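Notes for the one structure printed next.
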Amino acid sequence: VSSLAWAATPPSTVAADPPTTTFTAAASIAQELKAEGATAGVYAWADFADGTRLAIPAEDLTVTTVSPYIDILAGSASTPWRLQVATGALRDCGRIVSAAWGVCGATVAEASALVTLDLPFASGVILTPPRA
Numbered sequence: 002v003s004s005l006a007w008a009a010t011p012p013s014t015v016a017a018d019p020p021t022t023t024f025t026a027a028a029s030i031a032q033e034l035k036a037e038g039a040t041a042g043v044y045a046w047a048d049f050a051d052g053t054r055l056a057i058p059a060e061d062l063t064v065t066t067v068s069p070y071i072d073i074l075a076g077s078a079s080t081p082w083r084l085q086v087a088t089g090a091l092r093d094c095g096r097i098v099s100a101a102w103g104v105c106g107a108t109v110a111e112a113s114a115l116v117t118l119d120l121p122f123a124s125g126v127i128l129t130p131p132r133a
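Structure follows, in structure tokens:
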């Protein structure tokens, strides 16, 4: 994660009495992909109607992309799925990565994610003629 922005900032202090004090906090996080070979982890959670949340294990996910500028590196029980900026990539942005949660061979849920490849523009080109 390369940046975090509070959408709802938590209080700087919370009273210990009563112990049932509640507050709301929400944040947006981002991983900047600014160079060939840069990587970012892919994590997924399922939110249920009863308010519970489940972290989906990498081995139960399938991650795909519609961008030719992203390589997908498969996850396992010990490592998350990863996106990697491909060699020769150009700037790209949109909901270009998708994850599907599978249980017993059936897809339970799927979602797409906004990804921005913020690669620098070329600032010049050097041409060298072949030696005669």
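In this text, residue positions in the sequence shown follow the working numbering: the first is 2, and each later residue adds one. Yeah, the Cβ is synthetic: ideal placement off N, Cα and C, and Gly gets one too. Just so you know, these numbers come straight off a predicted model, no measurement behind them.
Considering just the uninterrupted stretch of the beta strand (DSSP E) at C105, what are its terminal residues? Where C105 is concerned, there is no enclosing beta strand (DSSP E), given that its DSSP letter is neither H nor E.
Span of the beta strand (DSSP E), counted from its first residue to its last, around T25: Per DSSP, T25 belongs to no beta strand (DSSP E) and is neither H nor E.
For V104, does the count of other Cβ atoms within 10 angstroms reach 16, so buried, or fall short, so exposed? With fewer than 16 other Cβ atoms inside 10 Å of its own Cβ, V104 counts as exposed.
What span of residues does the beta strand (DSSP E) with T66 cover, start to end? It spans L62 to T66 - the beta strand (DSSP E) in which T66 sits, taken as one unbroken run.
Tell me whether A45 is buried or exposed, calling it buried when 16 or more other Cβ atoms sit within 10 Å of its Cβ. Counting Cβ neighbours within 10 Å, A45 comes out buried, since at least 16 surround it.
Own chain partners of P11 with C-beta closer than 8 angstroms, once the 5 adjacent residues on each side are dropped: F24, T25 and A26
In its own chain, which residues sit with a C-beta less than 6 angstroms from the C-beta of L115, not counting the 5 before and 5 after it? R96
Can you tell me whether D93 is buried or exposed? The criterion is at least 16 other CB atoms within 10 Å of its CB, across all chains shown. Result: buried.
Identified DSSP bridge partners for L55: A47
If you follow the beta strand (DSSP E) that D119 is part of, which residue opens it and which one closes it? Segment: none, D119 is in no beta strand (DSSP E) and carries neither H nor E.
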